[in-house]
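Report on the following structure.
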Amino acid sequence: MTDFTTLVSAFVRRIFGGSAEVENLMRLTGGANMESWSFDYAGHGYVLRRSPSAEMMAGRVYGHDIEAAVVRAAFMAGVKAPEIIAEVEAVDNLGTGYMMRRVEAEVNPAKILASPPPSLINDFARELAAIHAVSRDTLPALPEAGAASLLTDLKARFLLFGGNRPVMALAFRWLEDHLPAPVDAVLLHGDFRMGNIMVHTDGLAAVLDWELAHLGDRHQDLAFGCINSWRFGYIDRPAFGIGQMDAFFAAYARESGHNVDAGRFRWWLVYATLWWGVCCLQMTDIWRSGADPGLERAVIGRRASETEVDLLMLLEEDAPIAEQNRHPEHRSPLAADVPEPYSKSQSAAEMQAWMLKSEAHYVGETSAAELLNALASWIETDIKPHAKGRDRFMAAVAVNALGILKRETEGGASIHDKLLSEELSSGRKSLATPNLLAQLKAQSLQKLAADQPKYSALAVAQQKWTH
């Protein structure tokens, strides 16, 4: 029995009594910020959500005690939040966190979105309406944040991480120029999206991960899960990857009694897209500092380019028609010349064929790209098949990281430009600047082709901008 298993068993015995040990203890996949461990005890299933150290909680506005109080209040109000059984205490030597009753349902967005239950878009609307209706009298003291303060804080983080990405600077300027008026604040989940939702055959089963809960504009919650990064490839279903926006807006109005303001929703959609991009930069910063040396954070840092293409697609309608119609001067050679990365479903033989195709233009000594392919092949064929649980997930992350490096050696673009970012931020340049939009499109396409060539917006943007 590992030391960690011993600690979890002692914690559970402190709560329930008895002398049994936990069984089937397994770390769940995902969760770059917090750990989630599933286990069984005395015939029942539970999940321990925890942070193993104070360093991992650094920068959070509140701790797990407040988070647990919010989840309890939502659960009591009828929201499909987890049922919290107990909280971790210092004596448990498990860091901070809480134990929940396990919900048996699907959480994998790919599986859910492949065939979502017919009721799911209405379920989302109902659940968001219920969250926004939770009485403030039942909640602990929570931060209240409106559009202006959130944007100021986000921009400070962007500058801390270099402030040198022009598309993000352009988005900040647009958000500042279109800042919505304050509204009455309600409880927000803060991270309501696919990946934090559990679904069974009858519809929504549970709403997880409440660490970003706060008080604010309901439109922030409505828009957050609709950014393209959280649609997991279903770019043609703008409402959470499930369906169409008009159906979602109508369902939310019916469930909540509040109509959705389309202009305000768009502002928060741009904000949420930019927020995720800055969060990706922050993941790299956390990894670089050594606070969390895990590979997953370093790889997520390269997802910032997803948001830049998404931002350009959201903002280009505000550019003059002549600039909208100006095509990028070149398109990424990566997208045209490099074979699609092999997928998780491919066999070793298919992967070898992919490698031979991608390496056919090399002669002489082993190239850097070939070495990266060799490492990826070793992980895929010798390591991953024998790995289980999170180790298997991390093997896939490692293969993804090697793929990024390989594509970058073959022509990835650098999009860092502090001077241009400052010109956009100050308004000296804008969407109306001749050729600027086309330049940003070309650079962003090439960067995304290196970082995430299967990201759904890449093919759509290429089709839209280069034909």
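Residue numbering for the sequence shown follows the working numbering, starting at 77 and increasing by one per position.
Where is the CB? At the ideal position from N, CA and C, for every residue including glycine.
Same chain, Cβ closer than 6 Å to residue i, neighbours up to 5 away in sequence not counted
i           : result
residue 262 : 208, 294
residue 182 : 188, 275
residue 111 : 126
residue 231 : 248
residue 511 : none
residue 390 : 346
Contacts around residue i, its chain only, beta-carbon distance under 7 Å, and the 5 residues preceding and following it disregarded
i           : result
residue 371 : 470, 473, 474, 477
residue 243 : 384, 387, 388, 516, 520
residue 341 : 295, 298, 299
residue 144 : 160, 163, 174
residue 331 : 201, 202, 205
residue 195 : 279
residue 88  : 98, 117
Cβ shell of residue i (< 8 Å), same chain only, five flanking positions each side left out
i           : result
residue 83  : 168, 169, 170
residue 436 : In this predicted model, residue 436 has a pLDDT of only 48, less than 50, meaning its place in the structure is not dependable; the value taken from the coordinates is given anyway. There are no such residues.
residue 536 : 311, 389
Classification of residue i by the beta-carbon crowding that lies within 10 angstroms, buried from 16 upward
i           : result
residue 173 : buried
residue 176 : buried
residue 38  : A query on residue 38 cannot be resolved here, the shown segment of the chain reaching from 77 to 543 and no further.
residue 236 : exposed
residue 541 : buried
residue 198 : buried
residue 249 : buried
residue 480 : buried
residue 539 : exposed
residue 350 : buried
residue 454 : exposed
residue 495 : exposed
residue 482 : buried
residue 157 : buried
residue 140 : buried
residue 490 : exposed
Rounded straight-line distance, which links the Cα of residue j to that of residue i
i           : j           : result
residue 531 : residue 523 : 12 Å
residue 289 : residue 318 : 23 Å
residue 345 : residue 499 : 24 Å
residue 448 : residue 493 : 28 Å
residue 286 : residue 138 : 11 Å
residue 303 : residue 348 : 7 Å
residue 214 : residue 155 : 13 Å
residue 399 : residue 381 : 22 Å
residue 334 : residue 326 : 10 Å
residue 362 : residue 128 : 15 Å
residue 401 : residue 452 : 40 Å
residue 191 : residue 94  : 43 Å
residue 308 : residue 184 : 10 Å
residue 102 : residue 466 : 8 Å
residue 364 : residue 226 : 25 Å
residue 527 : residue 378 : 6 Å
residue 180 : residue 267 : 21 Å
residue 260 : residue 136 : 24 Å
residue 21  : residue 86  : Limits of the chain in this structure are 77 at one end and 543 at the other, which puts residue 21 out of reach.
residue 534 : residue 148 : 41 Å
residue 395 : residue 368 : 41 Å
Opposing strand residues paired with residue i [DSSP bridges]
i           : result
residue 359 : Paired residue(s): none; residue 359 is not in a bridge.
residue 162 : 175
residue 273 : 283
residue 122 : 115, 177
residue 389 : For residue 389, which the question treats as bridged, DSSP gives no partner whatsoever.
residue 262 : 292
residue 103 : 113
residue 319 : 315
residue 127 : 172
residue 182 : 275
Integer-rounded CB distance, given that residue j should sit under 8 Å from residue i
i           : j           : result
residue 222 : residue 258 : 5 Å
residue 270 : residue 357 : Between residue 357 and residue 270 the Cβ distance is about 22 Å, and since that is not below 8 Å, they are no contact.
residue 201 : residue 328 : 4 Å
residue 241 : residue 502 : In fact, because the Cβ distance is near 15 Å, the residues do not count as touching under 8 Å.
residue 117 : residue 150 : Actually they are not in contact, since the Cβ atoms of residue 117 and residue 150 sit about 25 Å apart, beyond 8 Å.
residue 360 : residue 374 : 6 Å
residue 122 : residue 212 : With 8 Å as the limit, residue 122 and residue 212 do not qualify as a contact, their Cβ atoms being about 30 Å apart.
residue 216 : residue 142 : 5 Å
beta-carbon residue i near the ligand ZN non-hydrogen atom, thresh 8 Å
i           : result
residue 512 : In the structure on display, the ligand ZN does not appear, and there are no ligands present to speak of.
Residue-level contact to chain C via CB, residue i, 9 Å cutoff
i           : result
residue 326 : This model lacks chain C altogether; it includes just one protein chain.
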